[in-house]
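In this text, residue positions in the sequence shown follow our numbering: the first is 165, and each later residue adds one.
No residue lacks a Cβ here, since even glycine has one placed at the ideal position from N, Cα and C.
Since this is a predicted model, take the numbers as computed values, not measurements.
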Amino acid sequence: MIDYEKILCGRIKQVKPSGIRKYFDLLQGMEGGISLGIGEPDFITPWHIRDAGIYSLEKGFTKYSPNAGLSDLRKAISRYLKRRFDLDYEGIGQILVTVGGSEGLDLAFRCLLEPGDEVIIPSPSFVCYGPLVSMLHGVPVLVETKAEDEFRLTAEELKAAITPRTRAVVLPFPNNPTGGIMGREDLEAIAGVLRGTDIMVISDEIYCELTYGQHHVSMANIPDMVERTILVNGFSKAYSMTGWRLGYVCGPKPIIAAMTKLHQFAIMCAPTTSQYAAIEALDNGDRDIEAMKEEYDGRRRFLVDGFRRLGLECFEPRGAFYTFPCIKSTGLTSEEFCDQFLAAEHVAVIPGAAFGPGGEGFVRACYAASMKDLGEALERLERFLATLK
Numbered sequence: 165m166i167d168y169e170k171i172l173c174g175r176i177k178q179v180k181p182s183g184i185r186k187y188f189d190l191l192q193g194m195e196g197g198i199s200l201g202i203g204e205p206d207f208i209t210p211w212h213i214r215d216a217g218i219y220s221l222e223k224g225f226t227k228y229s230p231n232a233g234l235s236d237l238r239k240a241i242s243r244y245l246k247r248r249f250d251l252d253y254e255g256i257g258q259i260l261v262t263v264g265g266s267e268g269l270d271l272a273f274r275c276l277l278e279p280g281d282e283v284i285i286p287s288p289s290f291v292c293y294g295p296l297v298s299m300l301h302g303v304p305v306l307v308e309t310k311a312e313d314e315f316r317l318t319a320e321e322l323k324a325a326i327t328p329r330t331r332a333v334v335l336p337f338p339n340n341p342t343g344g345i346m347g348r349e350d351l352e353a354i355a356g357v358l359r360g361t362d363i364m365v366i367s368d369e370i371y372c373e374l375t376y377g378q379h380h381v382s383m384a385n386i387p388d389m390v391e392r393t394i395l396v397n398g399f400s401k402a403y404s405m406t407g408w409r410l411g412y413v414c415g416p417k418p419i420i421a422a423m424t425k426l427h428q429f430a431i432m433c434a435p436t437t438s439q440y441a442a443i444e445a446l447d448n449g450d451r452d453i454e455a456m457k458e459e460y461d462g463r464r465r466f467l468v469d470g471f472r473r474l475g476l477e478c479f480e481p482r483g484a485f486y487t488f489p490c491i492k493s494t495g496l497t498s499e500e501f502c503d504q505f506l507a508a509e510h511v512a513v514i515p516g517a518a519f520g521p522g523g524e525g526f527v528r529a530c531y532a533a534s535m536k537d538l539g540e541a542l543e544r545l546e547r548f549l550a551t552l553k
């Protein structure tokens with residue numbers, strides 16, 4: 165018998181499984197289960213986008229694309245970023261099309277880090293950053309953000325975390341799981357700390373289209389920062405294209421050239437059908453974004469009001485599609501709360517601790533679900549909380 169514990173490398177054995185998928189898997193098979201756990205839009209990809217993908221298949225466009233992505237798609241991304249966010253990126257040379265935003269993040273870390281290099285990561289934040297850094301022999305430096313600061317990374321916190329080994333800082337805003345955002349003044353303060361250093365910014369902007377009451381500002385919009393920013397984005401959230409697995413990165417030409425080189429060997433190219441659909445999304449999908457965003461906004465307010473009515477403090481999320489209520493008043497840890505709530509009422513929410521130490525005492529509830537499910541989940545939560553008194 166082969167001893168696979170000896171064969172597998174130590175780094176992968178040390179990486180913990182995602183705390184999100186655990187609850188998704190447990191919910192399967194539960195009669196009447198409601199998932200507020202997985203961050204996936206409940207909308208179907210708009211028809212005109214699906215139709216563009218279907219048409220590309222009918223026309224026989226099933227070959228490899230260029231490694232960096234279809235030139236028409238990269239030009240469409242350039243036009244979109246200028247139109248929606250006043251960002252200037254050349255379609256050729258500064259944009260790489262990837263298999264989801266996740267590949268873009270992985271490529272950025274791989275091309276920047278040497279063993280022992282540190283990456284500053286605000287916590288709580290999405291689960292992938294730390295493991296990706298660790299797998300490269302890098303050091304994730306988690307900086308705990310606070311509810312009283314609306315879960316923003318402050319310039320003071322960033323400055324205190326920087327060492328001579330700091331290679332990059334991740335800016336995951338709008339934030340998953342908190343729904344926190346960074347405004348222009350916040351980013352300008354961060355930029356003031358980074359100017360004059362060689363520290364790169366990896367700006368994960370996958371939720372940039374989903375902000376409420378405030379337009380998204382990118383670190384690349386801040387003077388002198390575009391040259392040190394790697395912007396990561398994709399189509400999953402804004403266009404409800406999760407299964408199409410398509411993203412992109414934008415950045416300085418030397419950085420994108422290095423990432424493209426690694427992408428050549430690891431991936432070859434992103435799915436061609438998805439790329440043709442994405443062109444249609446970018447060129448004609450603004451109305452789809454606004455319609456979905458309006459629906460999310462109503463759900464956001466409904467869920468936040470519901471938590472507060474039931475006695476759970478809840479920071480008002482201003483981006484993405486998550487709420488992050490505080491459950492400290494129950495006396496349970498975030499994992500205990502989620503385990504017991506799932507077992508008793510068949511509703512899946514995610515422990516805040518799954519997103520880093522700054523998340524303990526909170527749970528993440530996704531409002532990319534129907535109003536019917538959200539209303540039913542709140543009724544079940546009320547029953548569950550009554551059993552804890």
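With a CB to CB cut of under 7 Å and the five nearest residues on each side skipped, what residues in its chain are close to residue i?
i      : result
Glu391 : Pro416
Glu444 : His212, Ile213 and Ala216
Asp206 : Ala532, Ala533 and Ser534
Thr424 : Asn231, Ala232 and Leu260
Ala442 : Leu237, Phe399 and Leu410
Leu395 : Ser367, Glu369, Ser382, Ala384, Val413, Cys414 and Gly415
Ser182 : Val291
Lys492 : Gly525
Tyr253 : Ser242, Leu245, Ile259 and Cys414
Arg274 : Leu300 and Leu426
Mind reading off the beta-carbon distance from residue i to residue j? Whole number of angstroms is fine, and I expect it under 8 Å.
i      : j      : result
Thr226 : Met405 : With a Cβ gap of about 19 Å, Thr226 and Met405 do not count as contacting.
Val413 : Gly268 : 4 Å
Val283 : Ile431 : About 22 Å; that fails the 8 Å criterion.
Cys433 : Ser229 : 5 Å
Leu172 : Leu506 : No, Leu172 and Leu506 are not in contact; Cβ-Cβ is about 30 Å, not under 8 Å.
Ala160 : Leu374 : The displayed coordinates of the chain run from 165 to 553. Any statement about residue 160 would go beyond what the structure contains.
Met194 : His510 : 5 Å
Based on the DSSP secondary-structure assignment, which residues constitute the bridge partners of residue i?
i      : result
Phe526 : Cys490
Val511 : Ile198
Cys478 : Pro489
Asp569 : The structure shown does not extend to residue 569, since the chain is modelled only from 165 through 553, so no value can be given for it.
Ala441 : In the DSSP output, where bridge partners are listed per residue, Ala441 has none listed.
Asn397 : Tyr412
Glu499 : Per DSSP, none; premise fails for Glu499.
Val334 : Ile366
Thr226 : Answer is none; Thr226 lacks a bridge partner.
Val307 : Pro286
Gly483 : Thr375
Val390 : BP columns for Val390 are empty, so no partner.
Leu260 : Val413
Only counting the same chain, and skipping five residues up and downstream in sequence, which positions put a Cβ closer than 8 Å to that of residue i?
i      : result
Leu474 : Leu542, Leu545, Glu546 and Leu549
Gly495 : Leu552
Leu538 : Leu200, Arg463, Phe466, Leu467, Gly470 and Tyr531
Leu221 : Thr437
Gly280 : His301, Gly302, Val303 and Arg329
Nearest to residue i by alpha carbon, out of the options?
i      : options                           : result
Lys536 : Tyr253, Gly196 and Gly183         : Gly196
Glu480 : Asp313, Asp206 and Thr262         : Asp313
Ala232 : His427, Glu204 and Cys530         : His427
Glu349 : Ser367, Asn385 and Leu234         : Asn385
Lys246 : Ile370, Glu540 and Leu446         : Leu446
Gly516 : Arg175, Tyr168 and Ile184         : Ile184
Ile218 : His510, Ala430, Trp408 and Ile241 : Trp408
Gly224 : Tyr460, His510, Thr436 and Tyr376 : Thr436
Thr309 : Pro286, Phe290, Ile394 and Ile326 : Pro286
Pro328 : Phe315, Leu374 and Val303         : Val303
Thr393 : Gln439, Val334 and Ala434         : Val334
Ala332 : Tyr253, Ala272 and Phe249         : Ala272
Leu277 : Ala422, Ser235, Arg316 and Met194 : Ala422
Leu234 : Met165, Gly203 and Gln439         : Gln439
Tyr376 : Asp469, Cys173 and Glu458         : Glu458
Gln258 : Ile420, Val513 and Ile514         : Ile420
Gln504 : Tyr187, Asp167, Leu374 and Met165 : Tyr187
Arg248 : Cys372, Glu204 and Pro279         : Cys372
Ser540 : Gln178, Ile198 and Pro521         : The question names Ser, but residue 540 in the sequence shown is Glu. Cα-wise, what sits closest to Glu540 is Ile198.
Pro387 : Val513, Leu251 and Asp281         : Leu251
Val305 : Arg316, Asp167 and Ala325         : Ala325
Gly203 : Met194, Asn339, Gly522 and His510 : Asn339
Cys490 : Arg482, Ala512, His510 and Gly522 : Gly522
Quick one: residues in its chain with C-beta nearer than 6 Å to the C-beta of residue i, no 5 flanking neighbours on either side, listed in chain order?
i      : result
Phe337 : Ile345 and Met346
Cys311 : Looking at the sequence provided, one finds Ala at residue 311 rather than Cys. Only Phe479 meet the Cβ criterion.
Pro341 : Pro288, Tyr486, Phe488, Phe519 and Arg528
Tyr403 : Ala445 and Gly449
Ala299 : Inspection of the sequence shows that residue 299 is occupied by Met rather than by Ala. If we look at Met299 and ignore the five residues flanking it on each side, its Cβ neighbours are Arg175.
Lys401 : Ile370 and Tyr371
### Task
Would you check if there are 3 or more beta carbon pairs closer than 8 Å linking the stretch 339-347 to the stretch 372-387?
Contact between the stretch 339-347 and the stretch 372-387 is present, because at least three Cβ pairs lie under 8 Å.
### Query
Can you find at least 3 beta carbon pairs, one from the stretch 292-303 and one from the stretch 445-458, that sit closer than 8 Å?
Touching, no, given that fewer than three Cβ pairs across the two stretches are closer than 8 Å.
### Three CB pairs or more closer than 8 Å across the stretch 317-328 and the stretch 458-474
Taking 8 Å as the limit for Cβ pairs, the verdict is that the stretch 458-474 does not touch the stretch 317-328.
### Task
Inspect the CB distances between the stretch 354-361 and the stretch 492-510 and report whether three or more fall short of 8 Å.
Contact between the stretch 354-361 and the stretch 492-510 is absent, because fewer than three Cβ pairs lie under 8 Å.
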